[in-house]
Amino acid sequence: MRFEILRLDDIDGTPVDCTVVDAASVNGIVQQAAAIGQRLWIRPADTTAS
2 MRFEILRLDD
12 IDGTPVDCTV
22 VDAASVNGIV
32 QQAAAIGQRL
42 WIRPADTTAS
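Each residue of the sequence shown is one higher than the last, beginning at 2 in my numbering.
Have a look at this one:
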């Protein structure tokens, strides 16, 4: 499964950066963000074919 991770602005919470990663990478990204107090929004990536 893949997840979309949005880095949020510290002031107003708007997304400022986005990346799509596999499930195995999510934990490391969350740990790094927690260490520096960064806010994230994590949601399943859209995998529908067009």
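We treat Cβ as the ideally placed atom computed from N, Cα and C, and that holds for glycine. Here the structure is a predicted model, which means the values were calculated and not measured.
Q. Smallest Cα separation from Leu9: which of Met2, Thr20 and Arg3?
A. For the purposes of this step, residue 9 is identified with residue 8 of the sequence shown, where counting begins at 1. That would be Thr20, whose Cα lies nearest to the Cα of Leu9.
Q. Between Val31 and Phe4, is the Cβ-Cβ spacing less than 7 Å?
A. Stepping through the sequence shown from its first residue, residue 31 is reached at position 30. Stepping through the sequence shown from its first residue, residue 4 is reached at position 3. If you check the CB distance, Val31 and Phe4 do not come in under 7 Å.
(Q) Is the beta carbon of Met2 closer than 7 Å to that of Ala25? (A) Position 24 of the sequence shown, counted from the start, is the residue given in the question as residue 25. Position 1 of the sequence shown, counted from the start, is the residue given in the question as residue 2. Cβ distance not < 7 Å, so Ala25 and Met2 don't count as in contact.
Q: Apply the 10 Å Cβ neighbour rule to Ile6 and answer buried if 16 or more other Cβ atoms are within range, or exposed otherwise.
A: Within the sequence shown, numbered from 1, the residue matching residue 6 stands at position 5. By the Cβ-count criterion, Ile6 is buried, with 16 or more other Cβ atoms from all chains shown falling within 10 Å of its own Cβ.
Q.
Using the three-state DSSP reduction, which class does Ile6 fall into: helix, strand or coil?
A. In the sequence shown, the residue the question calls residue 6 occupies position 5. Correct three-state label for Ile6: strand.
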